[in-house]
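Trainee: Following this message is one structure expressed as structure tokens.
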């Protein structure tokens, strides 16, 4: 067994057979072999400089929307800006494929990528919600942006939906709002819908039941239903997407005179409202880094244990949520209680000579 074969096996290289790789790794494990983290970091850096020359192009697969529609969907625009900036920093170029325009079978797309020498794939989210991609990822290093792609389960960089809803609700309470309504524009069953809903329902356990307002789900959103929901429950503020804001204005409601409003995604207008920035550019950047990491480690195909990088949002204040009065004492995010034990750093005494 040659030293080069051992080296390839310990790096999960596809250049040797699965049987030989597993045999060598089993022997190394029994001998107590562990990687030196400093050497591993150095070699990853050296291999990265080589891999960016030999496999310098990453494929970006955009499902559902065509190239002509791309500019109208601002989250995709921001994601691409983040992808392009990070790819340039790492020495990669991007080859963008709009699947709606391409009109080829998954097998044909796979053969195109192989013919172009592309090994790294970035999969962008569906516009309409959650979905599946019929593609054989074996031999490719892939990652996706967001929670939209539920099959296959790839490494992914995502907005922290739970954190952003917690932060929005706490901000409402700090401004004196308690009777808060949620108009859910995310598709049922998606991770975003589940996490937003979980945070909102947890918030309702912290306030008086008389202040509870049922969530208006996406399937029930219409002019008549929205007007009836507002007249029935009289929210002090509504959390929803920009599309709901436009609907409310069209129905004749004045914001913030009639009630406050928080935009759940400031990539869409009104971007001067109170709301949250999902930081799509940073999500795009982190997605490139995940693919680059997989390329360096030769980790191909659908992972057994996919990684999730969570990107915290940034809340921004705006015209749509003025102060209402006395603060409502509600805390949703984890905080350190004064009663909790605190570990103090203690310097070890120097040995006496």
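In the working numbering, the protein residues as written are -17 to 335. For glycine and all other residues, C-beta sits at the position ideal for the given N, C-alpha and C.
1) Which same chain residues, not among the five before or five after residue 269, have their C-beta less than 6 Å away from its C-beta?
2) Could you tell me the alpha carbon to alpha carbon distance between residue 193 and residue 107, rounded to whole angstroms?
3) Helix, strand or coil, according to DSSP, for residue 278 in the structure here?
4) When you compare the CB positions of residue 136 and residue 288, do they come within less than 7 Å of one another, or not?
5) I'd like to check one pair, residue 303 with residue 224: are the Cβ atoms closer than 7 Å?
6) Would you tell me roughly how many angstroms separate the C-alpha atoms of residue 15 and residue 3, rounded to the nearest one?
7) Excluding five sequence neighbours on each side, which residues of the same chain lie with their C-beta closer than 7 Å to the C-beta of residue 116?
8) Buried or exposed: residue 101, going by 16 or more other Cβ atoms within 10 Å of its Cβ?
9) Is residue -1 helix, strand or coil by DSSP?
10) State yes or no: is the C-beta of residue 133 within less than 7 Å of the C-beta of residue 161?
11) Nearest CA to the CA of residue 221: which residue from 264, 189, 159?
12) Under 7 Å, do residue 44 and residue 55 count as touching if we go by C-beta distance?
13) Do you know whose CA, among 61, 0, 227, 313, lies nearest residue 282's CA?
14) With DSSP as the reference, label residue 135 as helix, strand or coil.
15) Under a Cβ-count criterion, where at least 16 other Cβ atoms within 10 Å of its own Cβ denotes burial, should residue 183 be classed as buried or exposed?
16) With a threshold of 8 Å on Cβ separation, who are the neighbours of residue 166 within its own chain once the five nearest residues in sequence on each side are excluded?
17) Apart from the five residues on each side of it in sequence, which residues of its chain come closer than 6 Å, Cβ to Cβ, to residue 95?
18) Any contact of the region 227 to 242 with the region 257 to 273, i.e. 3+ C-beta pairs under 8 Å?
19) From what residue to what residue does the alpha helix (DSSP H) around residue 209 run?
20) For residue 123, does the count of other Cβ atoms within 10 angstroms reach 16, so buried, or fall short, so exposed?
21) So, are the CB atoms of residue 163 and residue 112 less than 7 Å apart?
22) Can you tell me whether DSSP reads residue 93 as helix, strand or coil?
23) What first and last residue would you give for the beta strand (DSSP E) that runs through residue 75?
24) Rounded to the nearest angstrom, how far is the Cβ of residue 84 from that of residue 76, given a contact under 8 Å?
25) For residue 157, which residues of its own chain have a beta-carbon under 6 Å away from its beta-carbon, when the five flanking residues on both sides are left out?
26) Going by CA-CA distance only, name the one from 110, 186, 109 that's closest to residue 147.
27) Which residue's Cα is closest to the Cα of residue 294: 301, 315, -13?
28) How would you call residue -15, buried or exposed, if buried means at least 16 neighbouring beta carbons within 10 angstroms?
29) Below 7 Å between beta carbons: does that hold for residue 244 and residue 234?
30) Could you compute how far the alpha carbon of residue 249 sits from the alpha carbon of residue 86?
31) If we count the other Cβ atoms within 10 Å of its Cβ and call it buried at 16 or more, is residue 9 buried or exposed?
Mentor: Inspection of the coordinates gives the following:
1) The residues are 104, 125, 127, 139.
2) So the two alpha carbons sit approximately 36 Å from each other.
3) The answer is helix: DSSP assigns residue 278 an H, G or I state.
4) Closer than 7 Å, so yes.
5) Not in contact: residue 224 and residue 303 (Cβ atoms no closer than 7 Å).
6) Taking the straight line from one Cα to the other gives about 15 Å.
7) So the list reads 88, once near-sequence residues are dropped.
8) Its Cβ being crowded by 16 or more others within 10 Å, residue 101 is buried.
9) The three-state secondary structure of residue -1, taken from DSSP, is coil.
10) In this structure, residue 161 does not lie closer than 7 Å to residue 133 by Cβ.
11) When each option's Cα is compared against that of residue 221, the closest is 159.
12) No; because the gap between Cβ atoms is not below 7 Å, this pair is not in contact.
13) Comparing Cα-Cα distances from residue 282 to each of 61, 0, 227, 313, the minimum goes to 0.
14) Looking at residue 135 - three-state DSSP - the assignment turns out to be coil, as it is neither helix nor strand.
15) Per the 10 Å Cβ criterion, exposed.
16) Once the five neighbours on either side are set aside, the close Cβ partners of residue 166 are 175, 178, 179, 197, 198, 199, 200, 222.
17) Taking residue 95 as the centre and dropping the five residues before and after it, the same chain places the C-beta of 41 closer than 6 Å to its C-beta, in chain order.
18) With the rule of 3 Cβ pairs closer than 8 Å, the region 227 to 242 does not count as touching the region 257 to 273.
19) Annotation for residue 209: the continuous alpha helix (DSSP H) segment containing it runs 205 to 215.
20) Residue 123 comes out buried.
21) No, the Cβ-Cβ distance between residue 163 and residue 112 is not below 7 Å.
22) Note: residue 93 maps to helix in three-state DSSP.
23) For residue 75, the enclosing beta strand (DSSP E) has its first and last residue at 75 to 80.
24) About 16 Å separates the Cβ atoms of residue 84 and residue 76, ruling out a contact at the 8 Å cut-off.
25) Here the set comprises 305, 306.
26) Comparing Cα-Cα distances from residue 147 to each of 110, 186, 109, the minimum goes to 186.
27) That would be 315, whose Cα lies nearest to the Cα of residue 294.
28) It counts as exposed.
29) Taking 7 Å as the cut-off, the Cβ atoms of residue 244 and residue 234 do not count as close.
30) The alpha-carbon atoms of residue 249 and residue 86 are separated by roughly 31 Å.
31) So residue 9 counts as exposed.
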